[in-house]
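> Chains as they are written, first to last, in my numbering: chain A, 30 to 301; chain B, 572 to 779; chain C, 5 to 391. Where is the CB? At the ideal position from N, CA and C, for every residue including glycine. Values in this document were obtained by computation on a predicted structure and should not be read as measured data.
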Amino acid sequence: MSIFEWLLKIDRKYIFLVIGVLVLASFFIPFKMVIKDTVPVKNVYDSIEKMDENSCVLISFDFDPSAEPELLPMSKAIIRQCLRNKVKVVAIALWPQGVGLAENSLTTVAEEIGAKRGKDWVNLGWKVGMFQVVLAIGEDITKTFSKDNAGTPTKNMEIFEKVKNYNDIDLVITLAAGNSPDTWVTFAGTKYKAKIAAGVTAVMAADYYPYLQTKQMIGLVNGLKGAAEYETLVGKPEKAVRGMTPQSAIHIAIILFILLGNIGYFLTKNKK
Amino acid sequence: MKRTGPLVVCFIFAIIMMVQAFVPHPFSEDFLQLSNNHLMVMSTFALAIGISTFVHLHLTKIRKNGEGWYFSIVALVGMVVTATVGIFGKTEAGTLYDKIFFYIQNPMQSAMFSLLAFFMASAAYRAFRARSFEATLLLLAAIIVMLGRVPIGDLMTGGATSKITEFLFSVPNMAAKRAIMLGVSLGVIATSLKIIFGIERSWLGGTD
Amino acid sequence: MKATLIALLTVFFCAVAGTVYADAPPKLPEKFIAEDFPGDKGEKIRIMWAKSSDDGAGENDVKTYYLFRSTAKDGNYEIVEEFTPLTEDVKVYEDKNLPGNINYYYQLKIVDAQNNISFSEKIGPVAANPEWFNVNRNMILIGMLLYIAIVLVCILLAKRGKDFFVRKIAGLDAVDEAIGRATEMGKPILYVTGLGGLGDIATLASINILGRLAKKIAEYETPLIVPAYDYFVMMVQKEVVKEAYMEAGRPDSYKDDSVFFLSDSQFAYAAAVDGIMVREKPAANFYLGTFFAESLILAETGASTGAIQIAGTDALAQIPFFITACDYTLIGEELYAASAYLSREPLVMGTLKSQDWGKLILMILIIIGIALVSFGIPFDEFFRVIE
Chain A
30 MSIFEWLLKI
40 DRKYIFLVIG
50 VLVLASFFIP
60 FKMVIKDTVP
70 VKNVYDSIEK
80 MDENSCVLIS
90 FDFDPSAEPE
100 LLPMSKAIIR
110 QCLRNKVKVV
120 AIALWPQGVG
130 LAENSLTTVA
140 EEIGAKRGKD
150 WVNLGWKVGM
160 FQVVLAIGED
170 ITKTFSKDNA
180 GTPTKNMEIF
190 EKVKNYNDID
200 LVITLAAGNS
210 PDTWVTFAGT
220 KYKAKIAAGV
230 TAVMAADYYP
240 YLQTKQMIGL
250 VNGLKGAAEY
260 ETLVGKPEKA
270 VRGMTPQSAI
280 HIAIILFILL
290 GNIGYFLTKN
300 KK
Chain B
572 MKRTGPLVVC
582 FIFAIIMMVQ
592 AFVPHPFSED
602 FLQLSNNHLM
612 VMSTFALAIG
622 ISTFVHLHLT
632 KIRKNGEGWY
642 FSIVALVGMV
652 VTATVGIFGK
662 TEAGTLYDKI
672 FFYIQNPMQS
682 AMFSLLAFFM
692 ASAAYRAFRA
702 RSFEATLLLL
712 AAIIVMLGRV
722 PIGDLMTGGA
732 TSKITEFLFS
742 VPNMAAKRAI
752 MLGVSLGVIA
762 TSLKIIFGIE
772 RSWLGGTD
Chain C
5 MKATLIALLT
15 VFFCAVAGTV
25 YADAPPKLPE
35 KFIAEDFPGD
45 KGEKIRIMWA
55 KSSDDGAGEN
65 DVKTYYLFRS
75 TAKDGNYEIV
85 EEFTPLTEDV
95 KVYEDKNLPG
105 NINYYYQLKI
115 VDAQNNISFS
125 EKIGPVAANP
135 EWFNVNRNMI
145 LIGMLLYIAI
155 VLVCILLAKR
165 GKDFFVRKIA
175 GLDAVDEAIG
185 RATEMGKPIL
195 YVTGLGGLGD
205 IATLASINIL
215 GRLAKKIAEY
225 ETPLIVPAYD
235 YFVMMVQKEV
245 VKEAYMEAGR
255 PDSYKDDSVF
265 FLSDSQFAYA
275 AAVDGIMVRE
285 KPAANFYLGT
295 FFAESLILAE
305 TGASTGAIQI
315 AGTDALAQIP
325 FFITACDYTL
335 IGEELYAASA
345 YLSREPLVMG
355 TLKSQDWGKL
365 ILMILIIIGI
375 ALVSFGIPFD
385 EFFRVIE
């Protein structure tokens, strides 16, 4: 096999090896990057920034630990912005394993800011059903979730004094690894006129741009890059910003592999 | 009768729910919430069915000494331990349940998702070849988007790639997506109507 | 004379100063309206007012607008909401969560920087009345009825024996080849309906295909593996496969264990399906239904085992991954067409044809829309379906 043919048929285990080594290596090489915000991310940030104190944001954790590297940093940055601006955060999960992730994000940020459970934020946990839960919140959120994740009854919670349903929720943010943004747009957005924003994994993001144009979504945080933009906007760069170095290295490596493949393709084609 | 009953129920409820979508009166909204609550209750019962088949599947595998039967023991022990800790203990941050979740389940699932990076790299290498004019366009778009989605791309091109990426996402990508979406939506409505009118019955069991 | 002149000048300057620096109360909005919110369940009243001419212009010193509400015109007014100076020319506010059928009166209080106050007139009575038809959805209703009519006409034509042309779908033509190959090799067929529930039409379409496929598989007595992500879907899949085996006259070949629940966690499910592919080495893999980020993990693992792979999904973002790693991919609506394509039943073909007519109408509307917008003719309110 000539070198050109080899370039055309590089065994995938070598590609895997290069990717693996690059990810590990890039964690040890500090490389500061300037992260510029994009319009869909800035729109989410601005809409929370414009909210009055005691406004309410509902964050739905519709993902499981597999999407944690992308979506958890995003959730922390958004919660940090809300709690810092004294905007109340109500968290729910449409995916059962989102509950633990919500708990982690909320307790970490709340401790840092000094926000109180039940007053400034609450984790309502998971309820079976997808669109059923979204519809039920449209009627009464405390009836849908009678207890929070810690087992405290929600009925007399301070956070729900002025929050009953979507009428009192200023923004719904779905952090999703699946198609829950469609559910939120269809049922909470169209039926109850709730304002919707989404944070999604990068592989899903392209699907949701049509909703941005129709303004059925006010903004979109797209993958790890989106999370890094949000962390930068909030002024606390963390995991997502750190993740930009390995991601940059991998993207460059993939581009090089594509170019190598094409070089092999053209040279073998000319030879033939 | 085995099929007629469900078909009649399906037809009646589909029509009721269709009408409900256009009637905002509290009477109609209360009905929606009532049926919604029923669905939630039914979903809860389905959990039990899921657990029973899960246990049955793995017990059978252990009993038959099938390939990798010991993994089934891990699966069953994992389920019993996690459920016991969750039911009898608390689930907030810092509890044992939370630790199981964050130190066992979390890294395992994240590792699975991270496989995508490896597969994507090898798939991209195989797929993006400039075989024709269209394939070359696709290849160029892919390279621009890959550069535009990381800060190093902007560093190399003075911010051009992220702007072109946003354009690609919000104009050509969206146009294509919307076209497919319209087709899919019509397909969804047509399939729903086939089910409502009983033209398509294989979901009831059998291919008719 | 001098004293008179000084007095006159003093009066003049005072008057001028009075004109320029007079601390007049803020001017009231020209328009202040309250109306029942149209098309709701009877819990909202919409209040609109044009901004005061002293807000952003004139004295430009409006500090706060206060909106008050009462159940009696001369009763006690309670504050509903307060607003900072307006950025929009007309403020539209929705007073929500109100009990239906109760009359309300509204009043606006405007305070300026010098704490001068102006009160508007009291407007009302207005009640949040429940409606029987959501007027905001009339375009959706028209569209829905039109499309149902097209479907019914197409079904009628199909019933009368009209032969509809359906273009070739390579992925579906390859189904027999895939089953044949698995049979020859004596290896199982893996059928994955994806991560959707019964509410997802793609999953239902996939179950329909599974039924038709299972019948053929049963005829060849090839082993079938159907791992489920959702309990409800699993129950339906079991029924469908069982019935298919019965219809094929092979009830004894049906194994209850061939359809089973794996996990409702996305990547635990992907890991388990990958495990099945690596251990059992199916000769043919079908991925038809709703898929997310796990699509490429499944398809690449399947490709590495050398299986013939046929995929189809309406999850648009996953289509490129399937195209890259699978032999055949059904794109978007082709998944819905599969059932008709495989069965060629006239009624099902009729509904398939209706999709083409639906698309044609949408294309015409889009072209009309582009033309109207290009000539500056506003039409979007007429076609507005997003409320």
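By DSSP, does Met80(A) sit in helix, in strand, or in coil?
Here residue 80(A) refers to the residue found at position 51 when the first sequence is read from its first residue. Here Met80(A) sits in coil by DSSP.
> By DSSP, does Tyr43(A) sit in helix, in strand, or in coil?
Counting from one through the first sequence, the residue named residue 43(A) turns up at place 14. Tyr43(A) falls in the helix class under three-state DSSP.
> Opposite Met52(C) in the DSSP bridges: which residues?
For the purposes of this step, residue 52(C) is taken as residue 48 along the third sequence, with counting starting at 1. Answer is Ile37(C), Val96(C), bridged to Met52(C).
> Mapping the DSSP letters down to three states, classify Ala444(C) as helix, strand or coil.
Within the shown structure, residues of chain C are numbered from 5 to 391, placing residue 444(C) beyond reach of any answer.
> Threshold first: 4 residues or longer. Then list the alpha helix (DSSP H) segments lying entirely within the stretch 171-248 of chain C, N to C.
174-189, 205-224
> When you compare the CB of Lys254(A) with every CB in chain C, is at least one pair closer than 8 Å?
For the purposes of this step, residue 254(A) is identified with residue 225 of the first sequence, where counting begins at 1. No, Lys254(A) does not count as interfacial toward chain C.
> Might you give, ordered along the chain, the residues of its own chain that have their beta carbon closer than 6 Å to the beta carbon of Gly200(C), omitting 5 neighbours on each side?
By 1-based counting over the third sequence, the position of residue 200(C) is 196. The residues are Ala206, Thr207, Gly293, Thr294.
> Go ahead and pull the three-state DSSP assignment for Ser122(C).
Within the third sequence, the letter at position 118 stands for residue 122(C). The answer is strand: DSSP assigns Ser122(C) an E or B state.
> How big is the Cα-Cα spacing for Asp81(A) and Ser685(B)?
Numbered from 1 along the first sequence, position 52 holds the residue referred to as residue 81(A). Numbered from 1 along the second sequence, position 114 holds the residue referred to as residue 685(B). Each residue's Cα considered, the two are about 39 Å apart.
> Residues of chain C with CB closer than 9 Å to the CB of Arg697(B), please, in chain order.
Sequence index remark: in the second sequence, residue 697(B) carries index 126 (1-based). Within 9 Å Cβ-Cβ: Thr328, Ala329.
> Straight-line CA distance for Asn64(C) to Asn114(A)?
Residue mapping note: residue 64(C) aligns to position 60 of the third sequence, counting from 1. Residue mapping note: residue 114(A) aligns to position 85 of the first sequence, counting from 1. If you take the alpha carbons of Asn64(C) and Asn114(A), they lie about 29 Å apart.
> So, at 7 Å on beta carbons, what are the nonlocal neighbours of Phe56(A) in its own chain, with the 5 sequence-adjacent residues on each side left out?
Mapped onto the first sequence, residue 56(A) falls at position 27. These residues qualify, in order along the chain: Pro275.
> Just curious, the alpha helix (DSSP H) that Arg348(C) is in, first and last residue?
Numbered from 1 along the third sequence, position 344 holds the residue referred to as residue 348(C). Looking at the DSSP string, Arg348(C) is not in any alpha helix (DSSP H), and its letter there is neither H nor E.
> Is the shortest distance between the beta-carbon of Lys220(C) and the beta-carbons of chain A less than 8 Å?
Taking the third sequence and counting its residues from 1, the one referred to as residue 220(C) is at position 216. No, because no Cβ of chain A sits closer than 8 Å to the Cβ of Lys220(C).
> Which residues of the stretch 663-687 of chain B have a Cβ closer than 7 Å to any Cβ of chain C? Give them in chain order.
Gln680, Met683, Phe684, Leu686, Leu687
> Residues in the same chain with beta-carbon distance under 7 Å from Tyr25(C), minus the five sequence neighbours each way, listed in chain order, please.
Along the third sequence, read from residue 1 onward, the residue named residue 25(C) stands at position 21. Because Tyr25(C) carries a pLDDT of 49, less than 50, the predicted location of this residue cannot be relied on, and no value is offered for it.
> So, is the C-beta of Tyr235(C) closer than 8 Å to a C-beta in chain B?
Position 231 of the third sequence, counting from 1, holds the residue named residue 235(C). So yes, Tyr235(C) belongs to the interface.
> Which stretch, first to last residue, makes up the beta strand (DSSP E) that contains Phe72(C)?
Along the third sequence, one-based indexing puts residue 72(C) at 68. 66-74 is the span of the beta strand (DSSP E), which, as asked, contains Phe72(C).
> Determine whether the Cβ of Glu223(C) lies closer than 8 Å to any Cβ atom of chain B.
For the purposes of this step, residue 223(C) is taken as the residue at position 219 of the third sequence. No - not a single Cβ of chain B is within 8 Å of the one on Glu223(C).
> Quickly, what does DSSP pair Tyr110(C) with across the bridge? List them, please.
Residue numbering aside, residue 110(C) sits at position 106 when the third sequence is read from its first letter. As DSSP reads the structure, Tyr110(C) sits in a beta bridge with Arg73(C), Ile127(C).
> Run down chain B in chain order and give the residues with a C-beta less than 8 Å from the C-beta of Arg141(C).
Within the third sequence, the letter at position 137 stands for residue 141(C). Residues of chain B passing the Cβ test: Ala592, Phe593.
> Which full runs of the alpha helix (DSSP H) of 4+ residues lie inside the stretch 618-690 of chain B, going along the chain?
Every alpha helix (DSSP H) of 4 residues or more that sits fully in the stretch 618-690 of chain B is shown, in chain order, as 640-659, 667-671.
> For the putative contact between Leu164(A) and Phe90(A), defined by C-beta atoms under 8 Å, what is the C-beta separation to the nearest angstrom?
On the first sequence, residue 164(A) is found 135 positions in, with the first residue counted as 1. On the first sequence, residue 90(A) is found 61 positions in, with the first residue counted as 1. With 8 Å as the limit, Leu164(A) and Phe90(A) do not qualify as a contact, their Cβ atoms being about 18 Å apart.
> For Lys148(A), decide whether its Cβ has a neighbour in chain B, counting only Cβ atoms nearer than 8 Å.
Residue 148(A) sits at position 119 when you count from the first residue of the first sequence. Chain B contact via Cβ: absent.
> Check Phe33(A) in the structure and name its three-state DSSP category.
Indexing the first sequence from 1 puts residue 33(A) at position 4. Note: Phe33(A) maps to helix in three-state DSSP.
> Since Ala206(A) meets chain C, which of its residues come closer than 8 Å, beta carbon to beta carbon?
For the purposes of this step, residue 206(A) is identified with residue 177 of the first sequence, where counting begins at 1. Neighbours of Ala206(A) across chain C, judged by C-beta separation under 8 Å: Gln270, Phe296, Ala297.
> So, at 8 Å on beta carbons, what are the nonlocal neighbours of Gly104(C) in its own chain, with the 5 sequence-adjacent residues on each side left out?
For the purposes of this step, residue 104(C) is identified with residue 100 of the third sequence, where counting begins at 1. In its chain, beyond the 5 residues on either side, Lys45, Gly46, Glu47, Ala131, Ala132, Asn133, Pro134 have a beta carbon closer than 8 Å to the beta carbon of Gly104(C).
> Considering only residues of the stretch 45-124 of chain A, which uninterrupted beta strand (DSSP E) runs meet the minimum length of 3 residues and lie entirely inside it, listed in chain order?
85-91, 117-122
> When the cut-off is 8 Å and only beta carbons count, does Phe174(A) lie next to chain B?
Taking the first sequence and counting its residues from 1, one reaches residue 174(A) at position 145. It does not: the Cβ of Phe174(A) has no partner Cβ on chain B nearer than 8 Å.
> Grab me the residues of Leu320(C)'s own chain with a C-beta within less than 8 Å of its C-beta, minus the 5 sequence neighbours each way, in chain order.
The sequence position of residue 320(C) within the third sequence is 316, counting from 1. Gly336.
> Do Glu771(B) and Ser343(C) have their beta-carbon atoms positioned less than 8 Å apart in this structure?
For the purposes of this step, residue 343(C) is identified with residue 339 of the third sequence, where counting begins at 1. For the purposes of this step, residue 771(B) is identified with residue 200 of the second sequence, where counting begins at 1. Going by C-beta atoms, Ser343(C) is nearer than 8 Å to Glu771(B).
> For Ile714(B) and chain A, any beta-carbon pair shorter than 8 Å?
Counted from its first residue, the second sequence places residue 714(B) at position 143. Closer than 8 Å to some Cβ of chain A, the Cβ of Ile714(B) qualifies, so yes.
> Along the stretch 87-109 of chain C, what residues have a CB closer than 7 Å to any CB found in chain A?
Lys100, Asn101
> What separation, rounded to the nearest whole angstrom, lies between the Cα atoms of Val245(C) and Arg574(B)?
Locating residue 245(C) in the third sequence gives position 241, counting from the first residue. Locating residue 574(B) in the second sequence gives position 3, counting from the first residue. Looking at the two C-alpha atoms, the distance is approximately 16 Å.
> Can you tell me where the alpha helix (DSSP H) with Glu132(A) in it begins and where it stops?
Taking the first residue of the first sequence as position 1, residue 132(A) is located at position 103. First-last of the alpha helix (DSSP H) with Glu132(A): 127-142.
> What residue range is occupied by the uninterrupted alpha helix (DSSP H) comprising Lys306(C)?
Indexing the third sequence from 1 puts residue 306(C) at position 302. With the sequence shown as reference, residue 306(C) is identified as Gly, and Lys is not the correct amino acid for it. Element bounds for Gly306(C): 299-308.
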